[in-house]
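Asker:
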Amino acid sequence: MGVVKTKSLGVISQYRHIRNIPTTVMGLLSDVKRYRQANKAASLFDSHFTPVIANTEALRQAVFKTRYAVYCKEMKTEAPNVSEMEIDCFDKHSLHCLIQHKTSGVYAGTVRIIKPDFPNETLAIEKNNCIPTDDPALVLSPPNFRRDQIGEISRLAILRQFRHRYIGVEDHPYLGRDNKAKIACSMLPVALYLSAATLAECSNRHHIYVMVEPRLAKSMARAGVIFGQIGPVIDYHGKRAPYYINLGAFKKEVKPSLKKLHSRLRDVIKEQVEIAPR
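Written as structure tokens, this is what we have:
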């Protein structure tokens, strides 16, 4: 069989019913299409959004207010309060990142990396017993690593107006009718995880943990963000499971379509964060 050129994707997709076209070829062409879509969205992201490290009190308050809007007002998984800021005991030993929409100045989302340095500073998954940390057979359990080498990605939040189901409206309150900005929005979850990985790198955290829904873990895997499940699914703000990320492997496994975005996020974040020597 001759070589199928990628420009034939549109033609071949019209004839899926023809049995002599191998499913492997159709799968390859589908992968090419997904690659192009991801590459386009990743390329557009930098034009419309930028990461901002919460290194001032005002920016940290912006983090807490963004989380309040998502967790307390919209999802109602946390109790409302007078300050209208969602804060917990892990924020004191965490690095926070916001993603800002350049045109409007609105912070579309936020994420943090919890970075304990001392025995009395824990990860959220440790304090909430999300994995059997006392099981010596679990070699990836946090106690098996130095405290200053572990971290946890958590409190990822994206404002409703920037999530997929809401960005299709014709007259968006922040994006207007800018279709390119709406395409860029599809990269927000991936960009937040990539930003969190950079925060982990900046603080020399090599062993990263995260609690996510299994379907989200699969979705991130398709983008090259590989999570390794290390415990059962439990009821933790919904059905979630604990996952482990090795930072060195993570940087190697990012898909080619996202490497440019990852590199750009790293450059912008590292301009704002001084890498502390160990």
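With this note's numbering as the guide, the letters of the sequence shown map in order to residues 763 to 1040. The C-beta atom is built at its ideal place from N, Cα and C for all residues, glycine as well. Predicted model, so just to flag it, every value in this text is computed and none were measured.
Skipping 5 residues on each side, what residues in its chain have a beta carbon closer than 7 Å to that of Lys-827?
Answerer: Close CB contacts of Lys-827 within its chain, under the 7 Å cut and outside five residues either way in sequence, are with Glu-846 and Met-847 (chain order).
Asker: Can you name, in chain order, every residue of its own chain whose Cβ lies under 6 Å from the Cβ of Tyr-777, other than the five neighbours on each side?
Answerer: Residue placement at Tyr-777 cannot be trusted, given a pLDDT of 36 that sits under 50; what the coordinates show is reported in the next sentence. Within its own chain, no residue has a Cβ closer than 6 Å to the Cβ of Tyr-777 once the five positions on either side in sequence are excluded.
Asker: Pro-1018: buried (16+ other C-beta within 10 angstroms of its C-beta) or exposed?
Answerer: exposed
Asker: Please report the straight-line C-alpha distance between Ile-815 and Leu-921, rounded to a whole angstrom.
Answerer: 18 Å
Asker: Among Pro-1004, Ser-957 and His-968, whose alpha-carbon lies nearest the alpha-carbon of Arg-977?
Answerer: Comparing Cα positions, the closest option is Pro-1004.
Asker: Using the Cα positions of Lys-944 and Ile-849, report the straight-line distance between them to the nearest angstrom.
Answerer: 30 Å
Asker: Terminal residues of the continuous beta strand (DSSP E) containing Val-868?
Answerer: Element bounds for Val-868: n/a, residue is neither H nor E.
Asker: Report the residue from Glu-1015, Ile-887 and Asn-941 whose alpha carbon sits nearest the alpha carbon of Tyr-971.
Answerer: Ile-887
Asker: Three-state secondary structure (DSSP) at Asp-940?
Answerer: For Asp-940, the secondary structure class from DSSP, reduced to helix, strand or coil, is coil.
Asker: Using three-state DSSP, classify Asp-879 as helix, strand or coil.
Answerer: coil
Asker: Helix, strand or coil for Pro-935 per DSSP?
Answerer: The answer is coil: DSSP assigns Pro-935 none of H, G, I, E or B.
Asker: Look at Leu-961 and Ile-875 and say whether their C-beta atoms are less than 8 Å apart.
Answerer: Taking the C-beta atoms as reference points, Ile-875 is found nearer than 8 Å to Leu-961.
Asker: Considering Glu-1033, what are the terminal residues of the beta strand (DSSP E) in which it resides?
Answerer: Per DSSP, Glu-1033 belongs to no beta strand (DSSP E); it is in the alpha helix (DSSP H), 1018-1034.
Asker: Using 8 Å as the threshold, is the region 935-952 in touch with the region 877-887, meaning 3 or more CB pairs across them?
Answerer: no
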